[in-house]
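Using the numbering used here, you'd call the opening residue of the sequence shown number 12 and step up by one each time. Report on the following structure.
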Amino acid sequence: MRSLRPILWAVMSLSLAGKAWGATECQHAYEKVFPYDAPLGNEQAYINVHSEVLLSYDCQAAKALAAAEARAGIFDLELNLLQAEAVATAQQGQPATARARVLVMGFEVAREDLDLDQMVDLSISPEPEVDVSGTLTLNVGPVPVPIKYGVTTNAQLHIQGGTKGFGVALSLVPAASAQVYVQAGLDIAIAEAIARGDVVLLDDQLNNEIALTFEDSDRGYIRFDASSRNSLRALSGHVLVRAKAGLGPFSKSYERDLLRWDGLSQDQLLFDYSDRVAILN
């Protein structure tokens, strides 16, 4: 599994630490990893949605880690659309707590401390949306047309959950969206140009359900539950650039597609997993 790069599209993590009461010796270290990547693109743009969930027990602490990022590029723009992070801890006899944050374009836009002793239902998102732009020159027929283009992007992390018996259960839903806009800037005496269209670069939502529960029995068990579903819409739309050169009856019109994508839409269950692991002799 590739590790996510440090801050600069998505990182979200959830960590739950718990100590098994009455344990004298650990016999069963445990680790399970679920990675997912959705790379898409062509010569004009690319996107990649990456997520991973890790469940582990190291004889002292149990951990459930979920991570996600969304990255995109169009022409010469490189965009780290979403990263988020949520860390929760649960230890026998102590209140469960959590911290969460969201990053858009590499900038931290929100950070929250959460009390998991009470039910949590929280959405974190930046205001206003982030706008990043660039310029290029495109030849439409014989007319060089200067074009300004950009991407508006927004992100959100929705958290629900709290204490579940002797453990923690959380629902973590990171989402990222990005739209492309284009403006043709030529309007002189012998030539004119326009651009029109509507392009969705990315509209993605991950739904992660994670729970970790200590079960008190003769041996002592820890139960891991995790599921993830991804809803993705990407690279869809059309931008047409038109230019006209010449005067009066000698003028001639030209057209060129700047962007045209058929697009992708999918709703995919990534995994649905449950396991019960003995942690005591």
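C-beta: ideal position from N, C-alpha, C; glycine also.
Would DSSP call residue i helix, strand or coil?
i, result
"Pro260", "helix"
"Phe86", "coil"
"Lys175", "coil"
"Glu42", "strand"
"Gln55", "coil"
"Ile233", "strand"
"Gly161", "strand"
"Leu127", "coil"
"Ala79", "strand"
"Ile221", "strand"
"Gly117", "coil"
"Ala254", "strand"
"Gln216", "strand"
"Gln71", "coil"
Measure the Cβ-Cβ separation of residue i and residue j and say whether it is below 8 Å.
i, j, result
"Pro137", "Ala95", "no"
"Gln190", "Leu212", "yes"
"Gly274", "Ser242", "no"
"Val131", "Val120", "no"
"Ala83", "Ala56", "yes"
"Arg240", "Ser276", "no"
"Thr47", "Ser67", "According to the sequence displayed, residue 47 carries Tyr and not Thr. Result no, Cβ atoms of Tyr47 and Ser67 do not sit closer than 8 Å."
"Arg267", "Leu149", "yes"
"Thr108", "Ala99", "yes"
"Asp286", "Lys43", "yes"
"Gly52", "Leu88", "no"
For residue i, tell me which candidate among the options has the shortest Cα-Cα distance.
i, options, result
"His169", "Leu147, Val250, Val44, Glu123", "Glu123"
"Val193", "Ala78, Ile158, Glu80, Asn53", "Ile158"
"Glu54", "Phe86, Ala256, Glu80", "Phe86"
"Ala78", "Leu65, Leu90, Ser264", "Leu65"
Can you check DSSP and say which residues form a bridge with residue i?
i, result
"His169", "Ser134, Val184"
"Gly248", "Val210, Trp272"
"Pro155", "Asn150"
"Pro139", "According to DSSP, Pro139 bridges with nothing at all."
So, under 8 Å CB-CB, residue i and residue j are touching, yes? Tell me the CB distance rounded to an integer number of Å.
i, j, result
"Val179", "Gly172", "7 Å"
"Leu280", "Val250", "Not really, about 34 Å apart at Cβ, beyond 8 Å."
"Ala237", "Ile221", "5 Å"
"Val156", "Ala256", "In fact, because the Cβ distance is near 10 Å, the residues do not count as touching under 8 Å."
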